[in-house]
Amino acid sequence: MDCVDQQNADITCDLIIIGMGMAGMAAALFAAERHIDTVQIGATGELTFASGMMDLLGVHPLKNAQVVNTPWQGIDRLCLDEPQHPFARLPITSIREAMATVLESLKRWGYPHLADPLNNLAVITPVGTIKPTYAIPHTMARGPSALAEHAPCLLVDFHGLKGFSAQQIASSLGQRWPGLRPQRIAFPDATGELFPERMARALDLAANRAKLVAAIRPHIKDAAVVALPAVLGIHETLQAMQDMEQGLGVPVFEIPTMMPAATGLRLKERFEQHLPAMGIRTRYQQNVLGVRKLADGRWLLNGDHNGDAFEIKARAAVLCSGRFFGKGLHAGRHQIRETIFGLPVAQPRDRTAWHHKELFNCQGHPINRAGIVIDNAFRPVDENGQFMHANLFAAGSILAHQDWVRQKCGSGLAIATAYGAIEACKNLLES
Ligand SMILES: Cc1cc2nc3c(=O)[nH]c(=O)nc-3n(C[C@H](O)[C@H](O)[C@H](O)COP(=O)(O)OP(=O)(O)OC[C@H]3O[C@@H](n4cnc5c(N)ncnc54)[C@H](O)[C@@H]3O)c2cc1C
Numbered sequence: 005m006d007c008v009d010q011q012n013a014d015i016t017c018d019l020i021i022i023g024m025g026m027a028g029m030a031a032a033l034f035a036a037e038r039h040i041d042t043v044q045i046g047a048t049g050e051l052t053f054a055s056g057m058m059d060l061l062g063v064h065p066l067k068n069a070q071v072v073n074t075p076w077q078g079i080d081r082l083c084l085d086e087p088q089h090p091f092a093r094l095p096i097t098s099i100r101e102a103m104a105t106v107l108e109s110l111k112r113w114g115y116p117h118l119a120d121p122l123n124n125l126a127v128i129t130p131v132g133t134i135k136p137t138y139a140i141p142h143t144m145a146r147g148p149s150a151l152a153e154h155a156p157c158l159l160v161d162f163h164g165l166k167g168f169s170a171q172q173i174a175s176s177l178g179q180r181w182p183g184l185r186p187q188r189i190a191f192p193d194a195t196g197e198l199f200p201e202r203m204a205r206a207l208d209l210a211a212n213r214a215k216l217v218a219a220i221r222p223h224i225k226d227a228a229v230v231a232l233p234a235v236l237g238i239h240e241t242l243q244a245m246q247d248m249e250q251g252l253g254v255p256v257f258e259i260p261t262m263m264p265a266a267t268g269l270r271l272k273e274r275f276e277q278h279l280p281a282m283g284i285r286t287r288y289q290q291n292v293l294g295v296r297k298l299a300d301g302r303w304l305l306n307g308d309h310n311g312d313a314f315e316i317k318a319r320a321a322v323l324c325s326g327r328f329f330g331k332g333l334h335a336g337r338h339q340i341r342e343t344i345f346g347l348p349v350a351q352p353r354d355r356t357a358w359h360h361k362e363l364f365n366c367q368g369h370p371i372n373r374a375g376i377v378i379d380n381a382f383r384p385v386d387e388n389g390q391f392m393h394a395n396l397f398a399a400g401s402i403l404a405h406q407d408w409v410r411q412k413c414g415s416g417l418a419i420a421t422a423y424g425a426i427e428a429c430k431n432l433l434e435s
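Sequential numbering from 5 applies to the sequence shown in the working numbering.
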């Protein structure tokens, strides 16, 4: 490896991955497993805000808001109905392998997930609706069966925790789950406004878990299961679940909270901890300011680290820079542009066509399907469908012809397309 990687010295590598959202993290994982010499750079993405649920496909077709119970069959149908959707760029076996690899890694890293091989799971949201999703963290694993069985359930919330009301969840689910009993308690040693991250970090400590058990135990009564907001640790979730269930004597499960949530941080911090150990050279919380192509075909990226400039030279790049929130796309007054490489963005003809008149139009707004169009090798293409650079690939929510929010395919799309981009990149680097 001919790499120099002192902070802010020039860096050379085979692959630069831009982004540390789910697509960037998954791409780095797949690259590490393929022993590709990789640098990953990015600032905070949507991952920090994620609910922790791994959606694969939850709604299709959108026009009649059809909930998908069997996501793999749903993807087959989606690819027939929407051949430009990014899922249609790779075989379903690759999507399965991509999801399995990420879930196996999370298990190895002490944060296992529950996924049904065939069916979506039904999960309660912080507002008391039910959402279909492919995989959930082990801390939520008891939820779908408790919901299906209508088990008598103590639903706990906390004084000072905004955006999570046990009363609201119980009344929204009342018809479907009459055995839900809301109870508000004080979080141990806390006063004033509470935040999920701080609560979860407090519950990484055994002493605080013991205090929480003592605070909940008097309310258990006939409950066969206890539900809590998702605050049961950041790093010690396995031990936290064991202590809570042993202390309370009944199964426990978490319900996701509003963002910023502890669940997104659990994912982010696990990737951040383990990717460097797998050989990825990470430059987190750093920005790419510009890029150009060198005479030898490599990419030269200009970066910024707390005001200090640095350069990265890479044989290939995978762009996982997200949409408007991640800053991969920018919506100007007249058009949407891609912010790093200046790639063409597939988008409605003008601003008046960005949105439907009806806010809740079930088809979703056209702006949400704007993005980078790729070929089957995940290379961005021009208006004529020709790839623009043999050594530039794109993955994740920046891609066009998908609406991950409405289709409920956020993490699945990010992970699957990252897999496709890294496979294509590996083929290039080995050719
Ligand atoms: C509130 C919320 C809840 C969600 N809930 C779910 C859920 O329940 N289930 C689910 O499956 N998915 C969920 N998601 C979606 C999921 O997190 C996203 O689909 C996914 O993170 C998109 O990943 P991405 O990597 O493509 O983009 P992003 O997460 O947006 O990441 C883009 C990355 O690119 C970086 N970047 C951009 N420009 C530059 C630059 N110039 N220099 C350096 N870095 C740059 C950003 O800093 C960021 O790291 C949720 C998202 C949000 C916001």
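Glycine is no exception: its CB is placed at the ideal position from the N, C-alpha and C atoms.
Whole-Å CB distance - residue i paired with residue j, under 8 angstroms assumed
i	j	result
G62	N123	Going by Cβ atoms, the distance from G62 to N123 rounds to 12 angstroms, so no, they are not a contact pair.
L84	Q367	Going by Cβ atoms, the distance from L84 to Q367 rounds to 18 angstroms, so no, they are not a contact pair.
G424	D59	Not quite, the Cβ-Cβ distance comes to about 18 angstroms (not below 8 angstroms), so this is no contact.
A47	N291	6 angstroms
E387	P348	6 angstroms
L305	I316	4 angstroms
The beta strand (DSSP E) enclosing residue i, as first and last residue numbers
i	result
C157	157 to 162
L304	303 to 309
D18	15 to 22
R341	340 to 342
P370	Where P370 is concerned, there is no enclosing beta strand (DSSP E), given that its DSSP letter is neither H nor E.
A398	396 to 398
L323	312 to 323
V295	291 to 297
K135	134 to 137
T286	285 to 288
Q187	184 to 189
beta-carbon residue i near ligand 1 non-hydrogen atom, thresh 8 angstroms
i	result
W408	yes
R327	yes
N291	yes
I22	yes
T343	yes
I79	no
A321	no
D437	Summary: the structure shown does not reach residue 437, with the chain confined to residues 5 through 435, and so no result is reported for it.
C413	yes
M144	no
C17	no
M282	no
F53	yes
L417	yes
M248	no
E258	no
A399	yes
G375	no
I402	yes
Span of the alpha helix (DSSP H), counted from its first residue to its last, around residue i
i	result
T97	96 to 112
A204	200 to 206
G46	Run containing G46: none in the alpha helix (DSSP H); it sits in the beta strand (DSSP E), 42 to 46.
R81	75 to 85
K430	414 to 434
K215	210 to 220
Q172	170 to 177
G147	146 to 153
F34	26 to 37
Q411	408 to 411
Whole alpha helix (DSSP H) elements within the stretch 223 to 270, 4-residue minimum: Here the runs fully enclosed are 241 to 252.
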